[in-house]
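Undergrad: Below is a structure I'd like to ask you about.
Chains as they are written, first to last, in my numbering: chain C, 1 to 671; chain U, 1001 to 1075.
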C-alpha cells in the first residue's frame, strides 16, 4: 500500500470532529501528548483507494488565537506543512457562527476543504444550504456531510482527493477587503514581507497583530528588523483588537453565505429536558441522577469482560495445581499464579469498567448531555479550577476510582484532567465503603455513623487542599476563565463511530496498563514473598520500622495491611485478620488480593489486639491511601505522564499517613 | 446596560465588548460581536447565563458578561 497524504481535522468544539476522526480511523488510532506539551495528540490512519492516509485530530478550539497551548499547537502544526491538507469542519445547523474557524484559518498557506457537517440536523430544522455556490465563492471544495449517512463518506473521500490534486486555497480577496476597513491594517500588512513566517500570509499575520496575539508579535519581532517592527507596533496602536477583526470575519461570512442559506424556523425555546437541567432547584439533582443512571448502565456492557476477569481467576488454582504436579519449582508457580494470572484477572475486570464507562460517557458527550452537566456544575467546579464536567469522574469514583479516571477523558484540557483524577482519588471507592462501615461498627458500634460523616468531611477538605496543592501547576491562570461555551443541540448518537472509538480506547488501555499492573503486582509480590512462608522483605521492614509507624497509630500488622490496601482495598481486612491470627504474611497477602482470605472471627481478633485510636487511624489511612493498582494504571493511561502519576501516588501516601496521625491523636484524646 | 441585566426572554443588540485580549478573542470566536442580536433564554443567579445568538445556544459565566454592553430591543 502506498503512502497517501496527511490530513488534519480542524473544527470548533461540537463540530463533530471527534466523531469523524473515530469513524475514519476506527481502531487505528493513537493518543499521546504533543512533544513537551501538556496537550493531547490524537493520530490515526485509514486506507482508501489503495493509499494509506494519516489523520491528525487537532485539539478543538473556537479559534486560532494564542489563547491556549491547544490553539498555538494547532496553528503551528498546520503552518509547519506537516499536514498536506486541512479538513475544516463547520456545523451546518449553526453555519454562520461555526464558519468563524474557516475565517480565522484563511491566510494560512496550506490546501484545505470545507466539510459542512450535520447536514441532517440542518435539514431537520428546515434549512437548505447551497454548497455549490459557497464552493464557487470560496475557491475550495465544499462537501455537505452527515456522519450517519454512509454515502457521505464516499463524497468525503472524493472531496479529499480533489482538494489534494487541485491544491485548493481559500479565496481571501473579499476578506482582505473587509480587513482593509480597519485603521492600521493596510500599513501593517504592507510592512510584513511574504514568507517571513513560514506558512502564514502577511494578511493573516497582520490580523493577529491587530488582535494583540503575543505569540505572533514575538515571532515577528524576531524575524524583522527593529525599525520595521517598530512601525508595525506604531500602526497597531489604538485599534479595537479582536472585536474589529472578528466583525470583519463575520461580515465576510455573511456575504459568503448571502442567499445560499435559507433559514428554517428558528425556535429558541429550551427543550423539556433542558428546562429540567437548567432549573435552579432540580438541575443539580437531575445531573447527579443522570450520572448515576449512566454508571449503572455502564455495568451492563462491562459485565462480560468482568466475567472474563473472574474466569481468569478461576483457572488460577487448577493451573497452579497442574504446575505442582509436574514438579515445577515453587517460585515459578507462584509467579505464574499470584502475579501473572492474578494481574490478568485485574486487567480484564478493569477493561470491563473502562469499556462501560467510556461507552456511557462517550454517549453522554455525543448526544450533548455532557455540555449541560458542564453548565450546571460550572460555578461549583470552577472554584476548584475545574470544568463543570469534572463532577462526573468524582461521582463515578464513589463506585470505582478506575472508572473515574477513565471517565476523566471527557475533559478536554490536559491539566484539568490530571487535576480531576488527582482529586477523584480522594473519593473513597466502593471497596473502601464496604470496609469502612464494617471496621467502624466493630469498634465504635453506633458511632460508626460519626466515622462515616468524618470520612466524607475529610474527603471534601482533602479535595479542596489537593486542588490548591496541584492546581497552580496543572491549571494555568488563563484556563481558569469562566465558561464561554456552546450548548449544542441534542444529537442522535452515531453508534458505529462510538463503538469503534470505545473499542479503540479499550484496546489501547489493555496494551498500556498490562505492563503497569504486571510490574506493580510483581514488585509487591516479590516484596512480600519469602521462601520459608514466613518473613519476606515487606514483613521485615514493617516489623523493623514499627516504632515509626506507631507514631501514626499503626502497629506493624495494621501498617502492612495499609500497604496491602494500596494494591486493592478489598484485601486490606483479609491481611489484618491473617496477621493477627498468626498466618504468614506472604500467603495472607496474595490470598487477600484474590478475595480468598478468611475473615470469620475478625471482630474478636480485632477487639483483642487493636485499640480504638489505632482502629480510627487505620480506617483513615486505608481510605485515603492510593485507591488500588488498577486505579494507578488507569491514571497513568489517562494522564500519559509517569511523572504526574508518581507525584499523585507519593502525595496520597504522605497525606494518608498524616490523616492517620491526626485521627490517632484525636482518638487518644477521646479514649 | 450589561447583558446580565437583560431579563429572561428579552432581546438585545450587542453594542460593545470590553475585556482583556483573551476574553475579546474568545467572545468573538463564539459569535458575540457588536451589532449581533441576542436573546436571553435563562438568567438565574449563580448559574451561567444562557443566551441564543447566531443559531447557537451559548452559556456564559456571569462575571464574563459584565464586559458585554447591550441595548435592549423592545419586541
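Think of the CB as a built atom: it goes at the ideal place given N, C-alpha and C, for glycine as much as any other residue.
Within a Cβ cutoff of 8 angstroms, which residues of the same chain sit near residue 1069/U, ignoring the five residues on either side of it in sequence?
TA: Reading the second chain from its first residue, position 69 is the one you call residue 1069/U. Contacts found: 1001, 1002, 1003, 1014, 1015, 1016, 1017 and 1018.
Undergrad: Quick check: the Cα distance between residue 553/C and residue 509/C, rounded to an integer number of angstroms?
TA: For the purposes of this step, residue 553/C is identified with residue 553 of the first chain, where counting begins at 1. For the purposes of this step, residue 509/C is identified with residue 509 of the first chain, where counting begins at 1. Rounded to whole angstroms, residue 553/C to residue 509/C spans 38 angstroms at the Cα level.
Undergrad: Along the chain, where does the alpha helix (DSSP H) containing residue 462/C start, and where does it finish?
TA: Indexing the first chain from 1 puts residue 462/C at position 462. 448 to 474 is the span of the alpha helix (DSSP H), which, as asked, contains residue 462/C.
Undergrad: Would DSSP call residue 144/C helix, strand or coil?
TA: Position 144 of the first chain, counted from the start, is the residue given in the question as residue 144/C. Here residue 144/C sits in strand by DSSP.
Undergrad: On the DSSP bridge list, what partners appear for residue 628/C?
TA: Taking the first chain and counting its residues from 1, the one referred to as residue 628/C is at position 628. DSSP, once it has assigned bridges, lists 568/C as partnering residue 628/C.
Undergrad: By the 9 angstroms beta-carbon criterion, what residues does the segment 1024 to 1038 of chain U contribute toward chain C?
TA: Residues passing the 9 angstroms Cβ filter: 1024, 1025, 1026, 1027, 1028, 1029, 1030, 1031, 1032, 1033, 1034, 1035 and 1036.
Undergrad: Whose CA, out of 460/C, 286/C, 163/C and 579/C, lies closest to the CA of residue 426/C?
TA: By one-based count along the first chain, residue 426/C stands at place 426. Checking every option, the nearest Cα to that of residue 426/C belongs to 460/C.
Undergrad: Considering only DSSP beta bridges, list what residue 116/C is partnered with.
TA: Counting from one through the first chain, the residue named residue 116/C turns up at place 116. 90/C and 144/C.
Undergrad: Can you give me the start and stop residues for the beta strand (DSSP E) that residue 1042/U sits inside?
TA: Within the second chain, numbered from 1, the residue matching residue 1042/U stands at position 42. Unbroken beta strand (DSSP E) run through residue 1042/U: 1037 to 1042.
Undergrad: Name the chain U residues whose beta carbon is nearer than 8 angstroms to that of residue 62/C?
TA: Position 62 of the first chain, counted from the start, is the residue given in the question as residue 62/C. Within 8 angstroms Cβ-Cβ: 1026, 1029 and 1030.
Undergrad: Ordered along the chain, which non-local residues of its own chain (more than five positions away) have a Cβ less than 8 angstroms from that of residue 339/C?
TA: On the first chain, position 339 is the one that residue 339/C refers to. Cβ within range, chain order: 518, 521, 522 and 525.
Undergrad: Between the segment 615 to 635 of chain C and the segment 542 to 561 of chain C, can you find at least three pairs of beta-carbon atoms closer than 8 angstroms?
TA: A contact exists between the segment 542 to 561 of chain C and the segment 615 to 635 of chain C.
Undergrad: Span of the alpha helix (DSSP H) holding residue 1029/U?
TA: As a working note, residue 1029/U is residue 29 in the second chain. Counting along the chain, the alpha helix (DSSP H) containing residue 1029/U begins and ends at 1021 to 1029.
Undergrad: Do you know offhand how far residue 230/C's Cα is from residue 215/C's?
TA: Here residue 230/C corresponds to residue number 230 of the first chain, with the count starting at 1. Here residue 215/C corresponds to residue number 215 of the first chain, with the count starting at 1. Looking at the two C-alpha atoms, the distance is approximately 16 angstroms.
Undergrad: Run through the DSSP bridge pairs and tell me what residue 9/C is partnered with.
TA: As a working mapping, residue 9/C is identified with position 9 in the first chain. Answer by DSSP bridge pairing, in chain order: 57/C and 87/C.
Undergrad: Residue 462/C to residue 390/C, Cα distance in whole Å?
TA: Counted from its first residue, the first chain places residue 462/C at position 462. Counted from its first residue, the first chain places residue 390/C at position 390. Cα to Cα, residue 462/C sits roughly 16 angstroms from residue 390/C.
Undergrad: Give every residue of the same chain whose Cβ lies closer than 8 angstroms to the Cβ of residue 255/C, excluding the five residues on either side of it in the sequence, and list them in chain order.
TA: Numbered from 1 along the first chain, position 255 holds the residue referred to as residue 255/C. Result list for residue 255/C: 174, in chain order.
Undergrad: Which residues in the same chain have their Cβ closer than 7 angstroms to the Cβ of residue 308/C, if we skip the five residues on either side of it in sequence?
TA: Along the first chain, read from residue 1 onward, the residue named residue 308/C stands at position 308. The residues are 348.
Undergrad: DSSP beta-bridge partners for residue 1069/U?
TA: Counting from one through the second chain, the residue named residue 1069/U turns up at place 69. According to DSSP, which records beta bridges pairwise, residue 1069/U is partnered with 1002/U and 1016/U.
Undergrad: The beta strand (DSSP E) spanning residue 486/C covers which residue range?
TA: Here residue 486/C refers to the residue found at position 486 of the first chain. Where residue 486/C is concerned, the enclosing beta strand (DSSP E) stretches over 484 to 486.
Undergrad: Give the interface partners of residue 237/C over in chain U, defined as CB-CB distance under 8 angstroms, in chain order.
TA: Taking the first chain and counting its residues from 1, one reaches residue 237/C at position 237. Within 8 angstroms Cβ-Cβ: nothing; residue 237/C doesn't reach chain U, min ~14 angstroms.
Undergrad: Contact criterion: CB-CB distance below 8 angstroms. Does residue 1050/U meet it with respect to chain C?
TA: Along the second chain, read from residue 1 onward, the residue named residue 1050/U stands at position 50. Taking Cβ atoms only, chain C reaches closer than 8 angstroms to residue 1050/U, which makes this a yes.
Undergrad: From residue 208/C to residue 486/C, what does the alpha carbon distance come to, in whole angstroms?
TA: For the purposes of this step, residue 208/C is identified with residue 208 of the first chain, where counting begins at 1. For the purposes of this step, residue 486/C is identified with residue 486 of the first chain, where counting begins at 1. If I take the Cα positions, the gap works out to 24 angstroms.
Undergrad: Going along chain U in order, which residues have a C-beta closer than 8 angstroms to the C-beta of residue 96/C?
TA: On the first chain, residue 96/C is found 96 positions in, with the first residue counted as 1. Near residue 96/C (Cβ distances below 8 angstroms), the residues of chain U are 1031, 1054 and 1055.
Undergrad: Would you please state the rounded distance, in angstroms, between the beta carbons of residue 60/C and residue 11/C? I believe it to be under 8 angstroms.
TA: The sequence position of residue 60/C within the first chain is 60, counting from 1. The sequence position of residue 11/C within the first chain is 11, counting from 1. Their Cβ separation, rounded to whole angstroms, is 7 angstroms, which keeps residue 60/C and residue 11/C in contact under 8 angstroms.
Undergrad: Anyone know if the C-beta pair for residue 370/C and residue 634/C falls short of 8 angstroms?
TA: For the purposes of this step, residue 370/C is identified with residue 370 of the first chain, where counting begins at 1. For the purposes of this step, residue 634/C is identified with residue 634 of the first chain, where counting begins at 1. It is not a contact, given that the beta carbons lie outside the stated cut-off.
Undergrad: Can you tell me where the beta strand (DSSP E) with residue 295/C in it begins and where it stops?
TA: Translated into positions along the first chain, residue 295/C becomes position 295. Segment 283 to 314 is the alpha helix (DSSP H) holding residue 295/C; no beta strand (DSSP E) there.
Undergrad: For the structure I just gave you, are there three or more beta carbon pairs, one from the segment 560 to 579 of chain C and one from the segment 625 to 642 of chain C, closer than 8 angstroms?
TA: Cβ pair count under 8 angstroms is three or more, so yes.
Undergrad: Are the beta-carbon atoms belonging to residue 109/C and residue 201/C less than 8 angstroms from one another?
TA: Mapped onto the first chain, residue 109/C falls at position 109. Mapped onto the first chain, residue 201/C falls at position 201. Contact: yes.
Undergrad: So, for residue 630/C: in the same chain, excluding its five sequence neighbours on each side, which residues have a beta-carbon less than 6 angstroms away from its beta-carbon?
TA: In the first chain, the residue the question calls residue 630/C occupies position 630. Here the set comprises 346, 350 and 402.
Undergrad: Are any of the Cβ atoms in chain U nearer than 8 angstroms to that of residue 52/C?
TA: Along the first chain, read from residue 1 onward, the residue named residue 52/C stands at position 52. So no, residue 52/C is outside the interface.
Undergrad: Where do the ends of the beta strand (DSSP E) carrying residue 33/C lie?
TA: One-based indexing of the first chain puts residue 33/C at position 33. Taken as a continuous stretch (DSSP letters only), the beta strand (DSSP E) holding residue 33/C covers 29 to 33.
Undergrad: I'd like to know whether the C-beta atoms of residue 82/C and residue 6/C end up nearer to each other than 8 angstroms.
TA: The residue you call residue 82/C lines up with position 82 of the first chain. The residue you call residue 6/C lines up with position 6 of the first chain. Taking 8 angstroms as the Cβ cut-off, residue 82/C and residue 6/C qualify as a contacting pair.
Undergrad: Closer than 7 angstroms, Cβ to Cβ, to anything on chain C: give me those residues from the segment 1057 to 1072 of chain U, in chain order.
TA: Against chain C - using a Cβ distance shorter than 7 angstroms - the residues of the segment 1057 to 1072 of chain U are 1057, 1058, 1059, 1060, 1061, 1063 and 1064.
Undergrad: Just reading off the alpha helix (DSSP H) that residue 228/C is part of, what are its end residues?
TA: Numbered from its first residue, the first chain carries residue 228/C at position 228. From DSSP, the alpha helix (DSSP H) with residue 228/C extends over 226 to 236.
Undergrad: Out of 124/C, 280/C and 56/C, which has the shortest C-alpha to C-alpha gap to residue 1042/U?
TA: By 1-based counting over the second chain, the position of residue 1042/U is 42. The option with the nearest alpha carbon to residue 1042/U is 280/C.
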